[in-house]
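Structure first, commentary second.
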């Protein structure tokens, strides 16, 4: 980074203000998108200049290959039209298949190139390290070299977004973009480059290229959303992360992984439960706060980014949780991984085959053969989601855990339904809804253990400690002692944290009760004095209680690393 | 008609938006300047300096903590009639001393400027980059060319905004309330008064008993020298060049300390600094070496190794004031009746401080800090 331009920095706010000024003051309406492109290039140059050639390569390859795919489609259509009367049905079918294979090959080229870069940058060292470990265990004298590359800003996000566009062009869902600079803007739009959301071309592109007039209400709502994001990130998430760091890092700051693990192991089950709860809080406040900032900035320019979160901790099943958490990744996976797998001939045939067996004729067998493609595709999707999160076995475990739970929940659904019927429990009952939320949250927490623990092994130890090493009094002592362990978090911070959680919960409940209208729109109906006071208090809360400045070293957004 | 209604609506909205941002900016200004910033005796002293009327000071002293603990401007005014002020902050850096000198040139026209050279005598350059030591001065001086120059030369680029907006650095000071409120109140009271009552003086009521062997006898005849660090020597020369270029009447000095083995090198570096200063044609007064002539008792006159208590301060004030008057011919300038009243008040306050401190030390109290905060001012009411 040339200078700090992270979303919560003063520089970023000044940068957004300057971009706003240029954007709305530019008299050339049709060229307004150029301001966004220049701003995005400037942002990337400042924040990730070292590896800027990666994003340029992805944009260029995506641009060219999309045009290529479209050309094949257009040429084939022209050929079919031309030979409409000359070719018989079989000839047409053969030609169409040939074109399909051609298009698929070209699309695969784009996917291999770009996911290849992503894999090399993100996962090469992980696989090389694992290979070295395995070969070392067999006493083989081989060492795969490690790559000296750090994080490429937003690589997972822009690669997924670009490849989604390629697949959409392949499916002829969207036409290929003819202007390379416009495509570059779609790939690199600065509010979403750091941590998403992963947008679909159809939903975002035209919004980017359209000229937007200054709209007071939109700008105001955008700013309010940014403020809410700042509150979640600086007041809640960055306060909670201090507790988490104090547990995994011994006094003295940066340590090796093995030191962190041995330190982590010294806490009991109660403390570790508290830490995982803190992680759940931090992860949500951090990620959703960052997304709010992104959406708020985009909204100022008249662009609606997809909302990545819909109160995920209110979910009543793990399936629902993944429809409410990181929605854009879930939607991407559903569109581009889940459906192609679940609807593939291999899976459909396997399902059919199972149906034909003796087992398939039983009630259970019929159900399993029906849901088999869905459940196995879910497992694969979540394995990929785990790997997407990072190059570590603990993330693989995180993915497998979620995948297995979803797979089991699909397969065992009739059993659960029957049990509920037998017990005369109605799903609509409020107490059952609360129970389902609590149960889902517990399942999510177990998944988080692998996220927060320094390693897969330590994650397993933590889960064992949940059940075998609970000691409340000792836990309280250990949690209180964290303030002397490299963190300055004291009782006042815990009070602020509690108030912050209460405010976030209150807002979430309000949103949950009327999801069709945003709180900002509801606030517009309130008297000016009340809005004045609320906004004023929110700004002061961020300024006074936020964790920022060099003394505190506000942490980077968690999802920035992905 | 519709146009008029729209215009009215826009007007109303503009007023609302402006009033909101005005309230936010005003609040941020208050937080930045008063409620969420580090206020200590250094802030009150530097504030006090800027509250002095322009061109009203006969003498200004620059340096670190040994300046404002050694010399009482109130007592000097009472006995010798000249006005003076210690424009000094705790552990000031060499760069800070140069900035302070430039600020003196900008704000006053003293007959004599005295520079205590403590900042140039460190064995390493570490002090120059200690944030707290930089901030004690620079956070409290107004936004001037000198401040900007100091920040751009001495602070890492990514930390510079925090020097212009200390709120970024200090916003978590809310945890120190209600204690912090006392300091806010002290600053407000000083600003409302328009003058510093203590004229920058600060002390600790303690009679220090050193554990290490004191070597003050040895330094009287020790003329050996030890090199300054290259960087600090450069800064000293930069300051001397500046004095020359501005044709300033400056005297460099060293205040008394309890010297022991660990700090003995400073004495020899001081001798080397004196050589450099003299080579530029400036005087150097070594009060550290003159401690016997001053009448300092090493058993009763210090509150720690580096600082004199109120007994020592009275002796140094007397000794140095005589030099200022007799050797450098400083004659008190004409000041208004209002200022005279303020200076008489400052003298009265120093006498109160003396009596209070004397009472504390004689009654077995130790480490009681006496500075211009509300706690001390309340305590002084009885004296």
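Protein chains in written order, with the numbering used here: chain A, 3 to 564; chain B, 41 to 423. Ideal Cβ placement from N, Cα and C applies to all residues, glycine included.
Is residue 298 of chain A close to chain B, meaning its C-beta is less than 8 Å from at least one C-beta of that chain?
Counted from its first residue, the first chain places residue 298 of chain A at position 296. Output row for residue 298 of chain A: interface = no.
Mind checking which residues open and close the beta strand (DSSP E) that includes residue 108 of chain B?
Along the second chain, one-based indexing puts residue 108 of chain B at 68. Unbroken run through residue 108 of chain B is the alpha helix (DSSP H), 105 to 108; no beta strand (DSSP E).
Could you pull out every unbroken alpha helix (DSSP H) segment of at least 4 residues lying fully inside the stretch 136 to 211 of chain B, listed in chain order?
Runs of the alpha helix (DSSP H) inside the stretch 136 to 211 of chain B: 171 to 178, 185 to 194, 200 to 204, 206 to 210.
Whole angstroms are fine: how far does the CA of residue 166 of chain A sit from the CA of residue 185 of chain A?
Taking the first residue of the first chain as position 1, residue 185 of chain A is located at position 183. Taking the first residue of the first chain as position 1, residue 166 of chain A is located at position 164. CA-to-CA, the gap between residue 185 of chain A and residue 166 of chain A works out to about 13 Å.
Could you check whether residue 150 of chain A and residue 200 of chain A sit closer than 8 Å to each other, using their CB atoms as the reference points?
By 1-based counting over the first chain, the position of residue 200 of chain A is 198. By 1-based counting over the first chain, the position of residue 150 of chain A is 148. Between residue 200 of chain A and residue 150 of chain A, the C-beta spacing is not below 8 Å.
Is the distance from the Cβ of residue 567 of chain A to the Cβ of residue 53 of chain A below 8 Å?
Outside the displayed range of chain A (3 to 564) lies residue 567 of chain A, so it cannot be described from this structure.
By the criterion of Cβ-Cβ separation under 9 Å, what are the contact partners of residue 5 of chain A in chain B?
Within the first chain, the letter at position 3 stands for residue 5 of chain A. In chain order: 197, 198.
Leaving out five residues on either side along the sequence, give the residues of the same chain with a beta carbon under 6 Å from the beta carbon of residue 78 of chain A.
Residue 78 of chain A sits at position 76 when you count from the first residue of the first chain. Excluding sequence neighbours, residue 78 of chain A sits near 101.
For the stretch 68 to 96 of chain A, list the alpha helix (DSSP H) runs that are entirely contained and at least 4 residues long, ordered along the chain.
Qualifying alpha helix (DSSP H) stretches: none in this window.
Partner residues on chain B for residue 550 of chain A, Cβ-Cβ distance less than 8 Å:
Here residue 550 of chain A refers to the residue found at position 548 when the first chain is read from its first residue. Per Cβ cutoff of 8 Å: 208, 211.
Span separating the alpha-carbon of residue 245 of chain A from that of residue 403 of chain A:
Here the question's residue 245 of chain A lines up with position 243 in the first chain. Here the question's residue 403 of chain A lines up with position 401 in the first chain. Cα-Cα distance, rounded: 26 Å.
May I ask you to list the residues that DSSP assigns as paired with residue 326 of chain B?
Start at 1 with the first residue of the second chain, and residue 326 of chain B comes out as number 286. Looking at the DSSP output, residue 326 of chain B bridges to B/294.
What is the rounded straight-line gap between the Cα of residue 292 of chain A and the Cα of residue 196 of chain B?
Against the first chain, residue 292 of chain A aligns to sequence position 290. Against the second chain, residue 196 of chain B aligns to sequence position 156. Their backbone Cα atoms lie some 27 Å apart in a straight line.
Does residue 546 of chain A come within less than 8 Å of chain B when only Cβ atoms are used?
Mapped onto the first chain, residue 546 of chain A falls at position 544. Using beta-carbon distances, residue 546 of chain A counts as an interface residue toward chain B, with a partner under 8 Å.
Which residue or residues does DSSP assign as beta-bridge partners of residue 1 of chain A?
It is not possible to answer for residue 1 of chain A, since the shown part of chain A is limited to 3 through 564.
Taking a cut of 7 Å between CB atoms, which residues from the stretch 493 to 525 of chain A lie near chain B?
Residues are counted here when their Cβ sits less than 7 Å from a Cβ of chain B; for the stretch 493 to 525 of chain A these are 494, given in chain order.
Is the stretch 428 to 435 of chain A in contact with the stretch 381 to 396 of chain A, if contact means three or more CB pairs nearer than 8 Å?
They do not touch, by the three-pair rule.
Alpha carbon to alpha carbon, how far is residue 378 of chain A from residue 360 of chain A? Give it in angstroms, no decimals.
Walking along the first chain from the start, residue 360 of chain A turns up at place 358. Walking along the first chain from the start, residue 378 of chain A turns up at place 376. Distance between the alpha carbons of residue 360 of chain A and residue 378 of chain A: 21 Å.
Mind listing the chain A neighbours of residue 201 of chain B? Cutoff is C-beta to C-beta under 7 Å, in chain order.
Here residue 201 of chain B refers to the residue found at position 161 of the second chain. The answer, in chain order, is 12.
Which of helix, strand or coil DSSP assigns to residue 347 of chain B
Counting from 1 along the second chain, the entry for residue 347 of chain B is found at position 307. Residue 347 of chain B sits in a strand when the DSSP states are folded into three classes.
Hey, does residue 56 of chain B have any beta-carbon neighbour from chain A nearer than 8 Å?
Along the second chain, read from residue 1 onward, the residue named residue 56 of chain B stands at position 16. Chain A contact via Cβ: present.
Can you name the residues of chain A whose CB is closer than 8 Å to the CB of residue 53 of chain B?
For the purposes of this step, residue 53 of chain B is taken as residue 13 along the second chain, with counting starting at 1. Residues of chain A passing the Cβ test: 218.
Which word fits residue 435 of chain A, buried or exposed, when buried means at least 16 other C-beta atoms lie within 10 angstroms of its C-beta?
Translated into the one-based positions of the first chain, residue 435 of chain A becomes position 433. Burial state of residue 435 of chain A is exposed, judged by a 10 Å Cβ sphere holding fewer than 16 other Cβ atoms.
By the three-class DSSP mapping on this structure, what secondary structure does residue 243 of chain B have?
To locate residue 243 of chain B, count along the second chain from 1; it is residue 203. Reduced to three states, the DSSP call for residue 243 of chain B is strand.
On the three-state DSSP scale, how would you describe residue 124 of chain B?
Counted from its first residue, the second chain places residue 124 of chain B at position 84. Strand, per DSSP.
Does the beta-carbon of residue 387 of chain A have 16 or more other beta-carbons within 10 angstroms, so that it is buried, or is it exposed?
Within the first chain, residue 387 of chain A is the residue found at index 385, counting from 1. Residue 387 of chain A comes out buried.
For the stretch 213 to 229 of chain B, which residues have a beta carbon sitting closer than 7 Å to at least one beta carbon of chain A?
Look at the stretch 213 to 229 of chain B: the residues with a C-beta under 7 Å from a C-beta of chain A are 214, 215.
Can you find the residues in the same chain that come closer than 7 Å, C-beta to C-beta, to residue 269 of chain A, ignoring five residues on each side of it along the sequence?
Here residue 269 of chain A refers to the residue found at position 267 of the first chain. Answer for residue 269 of chain A: 249, 480, listed in chain order.
Three-state secondary structure assigned by DSSP to residue 71 of chain B:
Stepping through the second chain from its first residue, residue 71 of chain B is reached at position 31. Here residue 71 of chain B sits in helix by DSSP.
Residue 534 of chain A versus chain B: which residues are under 7 Å apart at the beta carbon?
As a working note, residue 534 of chain A is residue 532 in the first chain. Near residue 534 of chain A (Cβ distances below 7 Å), the residues of chain B are 60.
Is the CB of residue 538 of chain A under 8 Å away from at least one CB in chain B?
Counting from 1 along the first chain, the entry for residue 538 of chain A is found at position 536. Taking 8 Å as the CB threshold, residue 538 of chain A lines the interface with chain B.
Should residue 57 of chain B be labelled buried (16 or more other beta-carbon atoms within 10 Å of its own) or exposed?
Taking the second chain and counting its residues from 1, one reaches residue 57 of chain B at position 17. Counting Cβ neighbours within 10 Å, residue 57 of chain B comes out exposed, since fewer than 16 surround it.
Flag this pair as touching only if the stretch 137 to 154 of chain B and the stretch 285 to 292 of chain B have three or more C-beta atom pairs under 8 Å; answer yes or no.
Because the criterion of three Cβ pairs below 8 Å is met, the stretch 137 to 154 of chain B and the stretch 285 to 292 of chain B touch.
Quick check on DSSP: helix, strand or coil for residue 422 of chain B?
The residue labelled residue 422 of chain B in the question sits at position 382 within the second chain. In the three-state reduction of the DSSP assignment, residue 422 of chain B falls in the coil class, being assigned neither a helical nor a strand state.
Assuming the contact rule is C-beta atoms closer than 8 Å, residue 231 of chain A and residue 196 of chain A should be a hit. Round their C-beta distance to whole Å, please.
Locating residue 231 of chain A in the first chain gives position 229, counting from the first residue. Locating residue 196 of chain A in the first chain gives position 194, counting from the first residue. Cβ-Cβ separation between residue 231 of chain A and residue 196 of chain A: approximately 12 Å, too far for a contact (criterion under 8 Å).
In its own chain, which residues sit with a C-beta less than 6 Å from the C-beta of residue 359 of chain B, not counting the 5 before and 5 after it?
Counted from its first residue, the second chain places residue 359 of chain B at position 319. Excluding positions up to five away in sequence, the list reads 334.
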